[in-house]
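Asks: Residues in the sequence shown are numbered consecutively from 1, following full-length UniProt numbering. Dropping a structure here in structure tokens format, bear with me for questions.
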Amino acid sequence: MGDFRGFIHGLISSARQILHNELLFSENGSVPTIPWQAIYDDPTETAHGWNFLKDTRTPWPVEGEQWLIGRFRQHGSPVRQRFIESSAGRLRMAAINVYLQRVAYFREKLAIAIHAAHSSHVAGMIYGRGITEQP
């Protein structure tokens, strides 16, 4: 059981590193803190597209739907320079494709971590899709 716990802890640590360093472009704690103890949810809400992130009772530190895109819009930011050619203003499609591959890889790790009791089934599904190594 200790080996399994170690596997899960390593998986979560790896997923957290990918999220902060590669997907959110964290710079020395620049990612907003999630108010875990103050999150509200309404399980009776059935509207299409609604989820706990849209519950107005939760005091989010930033506007979540715009926070990441705001980092892209900041002129001179490392995030913008990574994905947009400064001279022509064109998107760097190769960099965007690599980013999207990392998003997919992060989601695979997250799926296994969340469904640890069923991780062998999820791992089998991932293997069946041909994804056995990190992109």
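Using N, Cα and C, we set each Cβ at its ideal position, and we do this for glycine too. Computed from a predicted model, the values in this text were never measured in an experiment.
Using the three-state DSSP reduction, which class does Ile34 fall into: helix, strand or coil?
Replies: The count along the sequence shown starts at 1 and reaches residue 34 at position 34. Reduced to three states, the DSSP call for Ile34 is coil.
Asks: Taking CB distances under 8 Å as the criterion, tell me whether Ala88 reaches chain C.
Replies: No chain C appears in this structure, which consists of one protein chain only.
Asks: DSSP state of Ile39, grouped into three classes?
Replies: Looking up residue 39 in the sequence shown gives position 39. Coil, per DSSP.
Asks: Taking the straight line between their C-alpha atoms, what separation do you get for Ile84 and Phe25?
Replies: Numbered from its first residue, the sequence shown carries residue 84 at position 84. Numbered from its first residue, the sequence shown carries residue 25 at position 25. Answer to the nearest angstrom: the Cα atoms are 15 Å apart.
Asks: Distance, Cα to Cα, Ile18 vs Gln37?
Replies: Here the question's residue 18 lines up with position 18 in the sequence shown. Here the question's residue 37 lines up with position 37 in the sequence shown. In a straight line, the C-alpha of Ile18 is about 24 Å away from that of Gln37.
Asks: If we ignore side chains and look at the alpha-carbon of each, how far apart do Ser14 and Pro32 end up?
Replies: The residue given as residue 14 occupies position 14 in the sequence shown. The residue given as residue 32 occupies position 32 in the sequence shown. Cα to Cα, the separation comes out at about 19 Å.
Asks: Three-state secondary structure (DSSP) at Leu24?
Replies: Within the sequence shown, the letter at position 24 stands for residue 24. Three-state DSSP puts Leu24 in coil, outside helix and strand.
Asks: First and last residue of the alpha helix (DSSP H) that includes Lys109?
Replies: Translated into the one-based positions of the sequence shown, residue 109 becomes position 109. Its alpha helix (DSSP H) spans residues Met93 to Ile114.
Asks: My understanding is that Tyr40 touches Arg57, with C-beta atoms under 8 Å, so please give their C-beta distance in whole angstroms.
Replies: Looking up residue 40 in the sequence shown gives position 40. Looking up residue 57 in the sequence shown gives position 57. 4 Å between Cβ atoms; contact.
Asks: Pull up the CB-CB distance for Arg82 and Ala94, whole angstroms please, since I reckon it's below 8 Å.
Replies: For the purposes of this step, residue 82 is taken as the residue at position 82 of the sequence shown. For the purposes of this step, residue 94 is taken as the residue at position 94 of the sequence shown. Incorrect: roughly 11 Å between the Cβ atoms, too far for contact.
Asks: Does the distance from the C-beta atom of Glu22 to that of Arg102 stay below 8 Å?
Replies: By one-based count along the sequence shown, residue 22 stands at place 22. By one-based count along the sequence shown, residue 102 stands at place 102. For Glu22 and Arg102, yes; Cβs fall inside 8 Å.
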